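Residue numbers (my numbering), protein chains in the order written: chain A, 292 to 429; chain B, 292 to 429; chain C, 292 to 429; chain D, 292 to 429.
One structure is given here, and the rest of the page talks about it.
This is the structure in structure tokens:
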């Protein structure tokens with residue numbers, strides 16, 4: 292990390308009162324920390340808008356493990372993208388349903404494509420992709 | 292509006308450099324204005340999470356005006372919710388397609404229900420709802 | 292519109308039961324209409340992912356009209372983009388607050404830039420952009 | 292799973308052509324599978340709108356592991372919610388940054404609260420929550 296700098300911002304006191312309540316509700320320690328998070332989140336969203344941005348994606352899949360060949364297919368997909376899919380986590384939700392989380396690194400474009408492939412596998416009930424950036428400069 | 296108060300926040304200078312670039316790109320006049328917008332946006336999202344929150348919704352509908360009875364049906368829906376739908380704007384997109392924007396006031400729950408009804412009308416190709424709050428205290 | 296075609300889809304009857312409930316709740320007339328809307332929405336989202344896509348945007352701004360020069364600034368912005376901002380709608384929310392909706396046509400990239408400029412104007416409390424496409428082929 | 296049922300839907304052939312392209316691009320095996328996913332996604336979103344809905348959340352955190360006490364604090368948070376946080380996955384992104392994914396089960400309200408606490412921990416640069424439901428009936 293670089294040097295810490297400090298600057299002042301001005302705002303309406305009613306807005307600040309409301310923000311202080313939100314900060315408490317969200318368990319932030321202080322305003323600086325909460326504002327830094329808002330700033331970082333806005334930068335992350337901006338950058339993820341570019342398809343070439345290097346990013347890291349978390350794909351959450353919910354599926355029924357009784358579906359024939361499903362686990363094999365998911366494993367196969369993961370191995371065919373072993374450069375991008377760097378890790379996975381498996382949770383047994385109930386007697387039938389599993390949740391699998393996969394971490395994918397690469398350009399935004401690649402991450403989306405791999406996530407689509409995984410979500411599209413027959414038997415996967417529901418899938419969602421969320422992306423972040425590793426951002427040394429955040 | 293209430294009184295203006297001022298306070299300091301500290302952050303890493305690289306994060307600030309990046310934020311300053313984003314501010315310029317988004318045409319903000321200064322950091323305070325950009326941060327106030329992030330704060331207000333976070334408060335708006337928080338409040339809209341409650342179904343009882345009084346809000347204002349903008350529904351954007353795209354439809355083909357050649358579909359039989361569609362305009363009449365949309366007008367009928369609007370009149371049956373005349374207490375909530377306060378205004379509308381119509382744009383002729385091309386020879387076939389229209390865009391209609393409707394402003395709805397009410398509780399989040401009501402706004403969603405009315406928007407769903409409008410988007411569900413046969414012939415409406417695509418619809419989206421976006422909500423804000425009037426927020427005297429923002 | 293082109294010809295209407297028909298095809299069959301198969302799904303678990305419990306999933307269908309749940310979908311039928313959602314359809315009723317969302318006021319759709321029948322399954323075909325609801326599924327067409329899901330299909331169109333997925334196509335719209337896909338296309339809006341491309342910055343060059345021709346689209347139409349609805350920008351919703353909430354602002355306090357007592358802020359000095361704000362109305363003038365907003366009007367100026369609109370005129371400097373008169374080729375893209377094709378229409379606007381103004382609503383008096385209460386004694387102090389206004390809602391203004393602007394319709395912008397252009398490439399996704401342009402629409403985002405103009406929306407950012409408008410939301411960044413000092414005094415605009417909150418703004419949101421939502422985009423659709425005119426989609427002759429939807 | 293229950294019985295499989297079959298029904299027909301009708302739509303404009305140009306819309307279907309476009310959808311077939313999207314299906315191929317998203318690697319779906321056939322239309323039924325793609326439409327089932329759209330239906331399930333719409334049901335999941337609907338249900339997640341209710342704060343009492345039982346759900347499963349994936350929280351993705353990016354943080355700098357050099358921040359003093361951060362790992363300890365995150366571990367502490369996880370233990371204080373050991374009934375809800377059922378599993379976690381850690382990835383070393385680079386020399387400084389870590390990505391941690393936590394799986395949280397509970398009501399939507401609880402999941403959001405725990406995710407907010409984790410994202411608000413000082414030193415966590417960026418965090419995102421995504422939720423799904425275990426949905427035996429999906």
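Glycine included, each C-beta is placed from N, C-alpha and C at the ideal position.
Note that the structure is a prediction, hence the values are computed from the model and not measured.
- Linking residue 400 (chain D) to residue 410 (chain D) through their CA atoms gives a straight-line distance of about 15 Å.
- Rounded to the nearest angstrom, the Cβ distance from residue 421 (chain D) to residue 348 (chain D) is 7 Å, consistent with a contact under 8 Å.
- Rounded to the nearest angstrom, the Cβ distance from residue 372 (chain B) to residue 331 (chain C) is 24 Å, too far for a contact under 8 Å.
- According to the DSSP assignment, residue 408 (chain A) belongs to the alpha helix (DSSP H) that extends over 399-410.
- Taking 8 Å as the Cβ-Cβ cut-off, the region 400-422 of chain A has no residue approaching chain B.
- The distance from the Cβ of residue 329 (chain D) to that of residue 329 (chain C) is about 4 Å, consistent with a contact at the 8 Å cut-off.
- When C-beta distances to chain D are compared with 7 Å, the residues of the region 295-320 of chain C below that value are 295, 296, 297, 298, 299, 300, 301, 302, 303, 304, 305, 306, 307, 309, 310 and 313, in chain order.
- Chain order gives the chain A residues near residue 426 (chain D) as 353, 388, 416 and 417, where near means a beta carbon separation below 9 Å.
- Under the Cβ criterion (8 Å, minimum of three pairs), the region 310-324 of chain C does not count as touching the region 301-320 of chain A.
- In the DSSP assignment, residue 383 (chain B) falls within the beta strand (DSSP E) that extends over 376-383.
- DSSP places residue 301 (chain A) in the strand class (E or B) of the three-state scheme.
- For residue 339 (chain B), not one C-beta of chain A is nearer than 8 Å to its own C-beta.
- Collapsing the DSSP output to three states places residue 425 (chain C) in coil.
- Here residue 425 (chain A) has 347 as same chain residues with Cβ atoms under 7 Å from its own Cβ, once five neighbours each way along the sequence are excluded.
- By the rule that beta-carbons nearer than 8 Å mark a contact, residue 331 (chain B) touches chain C.
- Beta bridge pairing from DSSP links residue 346 (chain A) with A:397.
- The beta-bridge partner set that DSSP reports for residue 388 (chain B) consists of B:355.
- Partner residues in the beta bridge of residue 418 (chain B), as assigned by DSSP, are B:352.
- The beta carbon of residue 325 (chain D) sits closer than 6 Å to the beta carbons of 314 and 319 from its chain, once the five residues preceding and following it are set aside; these are given in chain order.
- In its chain, beyond the 5 residues on either side, 314 have a beta carbon closer than 8 Å to the beta carbon of residue 321 (chain C).
- Cβ neighbours of residue 419 (chain B) within its own chain (closer than 7 Å, five residues either side excluded): 351.
- Take the alpha-carbon of residue 404 (chain A) and the one of residue 353 (chain A): they are about 18 Å apart.
- The beta carbon of residue 394 (chain C) sits closer than 8 Å to some beta carbon of chain B.
- For residue 429 (chain A), the nearest CB of chain B lies under 8 Å from its own CB, placing it at the interface with that chain.
- Burial check for residue 406 (chain D): the Cβ neighbour count within 10 Å reaches 16 or more, so the residue is buried.
- In the DSSP assignment, residue 360 (chain A) falls outside any alpha helix (DSSP H) and carries neither an H nor an E.
- Identification of chain B residues near residue 371 (chain C) by a Cβ-Cβ cut-off of 7 Å yields none; the smallest Cβ-Cβ distance measures about 12 Å.
- Taking CB atoms only, residue 361 (chain C) has no neighbour in chain B less than 8 Å away.
- Residue-level contact check: residue 384 (chain A) touches chain D, since one or more beta carbons of chain D fall below 8 Å from its beta carbon.
- By alpha-carbon distance to residue 304 (chain A), the top candidate from B:317, B:316, B:327 and B:398 is B:327.
- With distances taken between CA atoms, residue 392 (chain B) lies nearest to C:382 out of C:382, C:365 and C:387.
- For residue 323 (chain A), the enclosing alpha helix (DSSP H) starts and ends at 322-339.
- Cβ atoms of residue 380 (chain B) and residue 414 (chain B) stay farther apart than 8 Å, at about 19 Å.
- At a beta-carbon threshold of 9 Å, none of the residues of chain C lie near residue 366 (chain B); the nearest stands roughly 16 Å away.
- Around the CB of residue 316 (chain A), fewer than 16 other CB atoms lie within 10 Å, so the residue is classed as exposed.
- With respect to residue 375 (chain B), residue 397 (chain B) sits close: the two C-beta atoms are nearer than 8 Å.
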